[in-house]
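Visitor: The working numbering runs 20 ahead of the 1-based position in the sequence shown.
Sharing a structure here in structure tokens format.
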Amino acid sequence: MQIDALDLNDLGIFERRFPHPAFDALRGRAPVWWHPPSELSPDGEGYWVVVDHAHTLEVSRDPGTYSSESGGDREGGGTLIEDLRRGVAVGTAINMTDGATHRRLRGLISRAFTPQAIGELESDLRARARSILDSVGEAGECDFVLAVARELPLQVIADMLGVPQQDRHELFDWAMATLRPADAQTDMQARMRAAGALHAYGQSLIEEKRRKPDGSMLSTVIHARQDTESGESEAMSGPELASFFSLLWSAGSDTTWNAIAGSLLALIDRPDAAEELRGDASLWSSAVEEFLRYVSPVTYNRRTVTRATRLAGERLEPGDKVTIWYPSANRDVEVFRQPDRLDLSRKPNPHLAFNIGEYVCVGANLARRELRAMLQEVLSRWTDFELTGPVRYARSNKHGGIESVPIRFRRIAD
Numbered sequence: 021m022q023i024d025a026l027d028l029n030d031l032g033i034f035e036r037r038f039p040h041p042a043f044d045a046l047r048g049r050a051p052v053w054w055h056p057p058s059e060l061s062p063d064g065e066g067y068w069v070v071v072d073h074a075h076t077l078e079v080s081r082d083p084g085t086y087s088s089e090s091g092g093d094r095e096g097g098g099t100l101i102e103d104l105r106r107g108v109a110v111g112t113a114i115n116m117t118d119g120a121t122h123r124r125l126r127g128l129i130s131r132a133f134t135p136q137a138i139g140e141l142e143s144d145l146r147a148r149a150r151s152i153l154d155s156v157g158e159a160g161e162c163d164f165v166l167a168v169a170r171e172l173p174l175q176v177i178a179d180m181l182g183v184p185q186q187d188r189h190e191l192f193d194w195a196m197a198t199l200r201p202a203d204a205q206t207d208m209q210a211r212m213r214a215a216g217a218l219h220a221y222g223q224s225l226i227e228e229k230r231r232k233p234d235g236s237m238l239s240t241v242i243h244a245r246q247d248t249e250s251g252e253s254e255a256m257s258g259p260e261l262a263s264f265f266s267l268l269w270s271a272g273s274d275t276t277w278n279a280i281a282g283s284l285l286a287l288i289d290r291p292d293a294a295e296e297l298r299g300d301a302s303l304w305s306s307a308v309e310e311f312l313r314y315v316s317p318v319t320y321n322r323r324t325v326t327r328a329t330r331l332a333g334e335r336l337e338p339g340d341k342v343t344i345w346y347p348s349a350n351r352d353v354e355v356f357r358q359p360d361r362l363d364l365s366r367k368p369n370p371h372l373a374f375n376i377g378e379y380v381c382v383g384a385n386l387a388r389r390e391l392r393a394m395l396q397e398v399l400s401r402w403t404d405f406e407l408t409g410p411v412r413y414a415r416s417n418k419h420g421g422i423e424s425v426p427i428r429f430r431r432i433a434d
């Protein structure tokens, strides 16, 4: 693909996997590239594309210059290429706030993601993973995404939020509908209805747990209070709690499911790697980090420039949109030796799959444990994986959605 013809707003190129060759070319020619507006551009605007590791770090570590909320004279902002209006997620969701507000929200939400709290989930994760694989039965084939990869994070997040079992898959469908791209091929009314239904359900559940606290993570967050920089003690507001519920339900499921599915695809490509893991348990810690680097389940995040600056010699102005592309940064040959190779013992491995700095994913350690638990259970039970049909990817440049992985496998004898 010629760089001059590259249009990252063309979602069709992401339906065929992340276009690594195009980003490899960009890193060599223009690590910070101005993407001109096209007929497919959200808001009709161009934006900056950051593709190498060093400048992704520079942007990620400077939220004062590169805002997750907004910048310049924009009325909206957020972390998507298209502007979102303030008050819905921008300014209320942890990933779309800056400064003191972001620190307050992170402090409150982190109460539910302490190392002790995540550690206590370990036995539940293992039990869930075993139950999910038991449900596949003796068939020897399945759609790995539908039967396995999406089910573990869905059930874990639902447990943490205190969502009744009978509501979980409907909520998941609503959450996935809200992640569909805003383009001509998406039924925008259906997406808005799903977002409204998810929001309403979240508000109802929040009010229930406000009245009747329980041991769920959601209840912990609702009733937590954080000292602000002005010395006052504050809880999360209603809009902040609603944004938290929607974000955790969608991002908490989507990101981990793609990491699990992408890791299995990597093992299908390299069956010797599965044997390495079965034969050497000491590889698991580095292997999980390598799967995250190799798969990079989150495709990009957007920032907005707040003040005139330079990046890789380019002049950026207040209000400019800046996008940082994690799969590309995680394949940067200047940082990773043989970046296109899955190396289970890779060290060091400074991947950016969970972002870095103030905006590192608050659920990163939970996602790591889910990925490890499910892959260990799969490799202890199944072998000789092979695809029985085409892998289907989401039509999205934001979410690295693997929608279908039809596989055949052989069960390992007990």
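Cβ atoms here follow ideal geometry from the backbone N, Cα and C, with glycine treated the same way.
Everything numeric in this text was worked out from a predicted model, so none of it was measured.
(1) Return the chain-ordered list of same chain residues with a C-beta closer than 6 Å to the C-beta of Ala255, the five sequence neighbours on each side being excluded.
(2) In this structure, what does DSSP give as the bridge partners for Gln246?
(3) With a Cβ-Cβ cutoff of 7 Å, do Ser263 and Ala132 count as a contact?
(4) By alpha-carbon positions, which one of Phe429, Arg431, Asp207 and Ser416 ends up nearest to Arg36?
(5) By alpha-carbon positions, which one of Lys341, Ala332 and Pro317 ends up nearest to His419?
(6) To the nearest angstrom, how far is it from the Cα of Val156 to the Cα of Glu252?
(7) For Gln136, count neighbouring Cβ atoms within 10 angstroms of its own Cβ and tell me buried if that reaches 16, exposed if not.
(8) With distances taken Cα to Cα, identify the nearest neighbour of Ser348 among Val71, Glu65, Ile33 and Tyr67.
(9) Consult DSSP for Gly119 and reduce its assignment to one of helix, strand or coil.
(10) Pull the bridge partners of Tyr413 from the DSSP assignment, please.
(11) So for Asn321, helix, strand or coil by DSSP?
(12) Which term fits Trp54, buried or exposed, when burial requires 16 or more other beta carbons within 10 angstroms of its beta carbon?
(13) Could you name the residues of the same chain whose beta carbon sits closer than 7 Å to that of Asp30, not counting the 5 residues immediately before and after it, in chain order?
(14) Compare the Cα-Cα distances from Arg200 to each of Leu181, Trp68, Ala215 and Gln186 and report the closest residue.
(15) Along the chain, where does the alpha helix (DSSP H) that runs through His371 open and close?
(16) Please list the terminal residues of the continuous beta strand (DSSP E) segment that includes Glu406.
(17) Counting along the chain, where does the beta strand (DSSP E) carrying Lys229 start and finish?
(18) Give the C-beta separation of Gly282 and Ile422 to the nearest angstrom, bearing in mind that I take them to be a contact with Cβ-Cβ under 8 Å.
(19) Assign Ile432 to one of three DSSP states: helix, strand, or coil.
(20) If we count Cβ pairs, one from each stretch, closer than 8 Å, do we get three or more for the stretch 267 to 274 versus the stretch 176 to 185?
(21) Under 7 Å between the Cβ atoms of Gly48 and Pro57?
(22) Would Val355 be called buried (16 or more neighbouring beta carbons within 10 Å of its own) or exposed?
(23) Using CA coordinates, which residue listed in Leu399, Ala286 and Asp360 is at the minimum distance from Arg299?
(24) Just to confirm the assignment, what range does the alpha helix (DSSP H) spanning Leu172 have?
(25) Give a yes or no on whether the C-beta atoms belonging to Leu211 and Ala197 are separated by under 7 Å.
(26) Could you work out which residue in Phe34, Ala25, Asp24 and Ala286 is closest to Tyr320 when comparing CA atoms only?
(27) Using a Cβ-Cβ cutoff of less than 6 Å, which residues in the same chain neighbour Arg146 once the five nearest sequence positions on both sides are dropped?
(28) For Leu166 versus Ala286, is the C-beta distance shorter than 7 Å?
(29) In whole angstroms, give me the CA-to-CA distance for Leu364 and Trp304.
(30) Can you grab the Cα-Cα spacing for the pair Asp103 / Gly97, in whole Å?
(31) Which value, in whole angstroms, describes the spacing of the CA atoms of Ser302 and Pro62?
Guide: Taking the geometry as given:
(1) Arg245
(2) Glu254
(3) no
(4) Ser416
(5) Pro317
(6) 52 Å
(7) exposed
(8) Val71
(9) helix
(10) Ile422
(11) strand
(12) exposed
(13) Leu60
(14) Ala215
(15) Neither: His371 is in no alpha helix (DSSP H) and is coded neither H nor E.
(16) Trp402 to Leu407
(17) It is not in any beta strand (DSSP E) - Lys229 instead sits in the alpha helix (DSSP H) that spans Met208 to Arg231.
(18) 6 Å
(19) coil
(20) yes
(21) no
(22) buried
(23) Per the sequence shown, the amino acid found at residue 299 is Gly instead of Arg. Taking only the C-alpha atoms, the option nearest Gly299 is Leu399.
(24) Glu171 to Leu181
(25) Reading off the sequence shown, one finds Arg at residue 211, where the question assumed Leu. Taking 7 Å as the Cβ cut-off, Arg211 and Ala197 qualify as a contacting pair.
(26) Phe34
(27) Ala393
(28) no
(29) 8 Å
(30) 5 Å
(31) 46 Å
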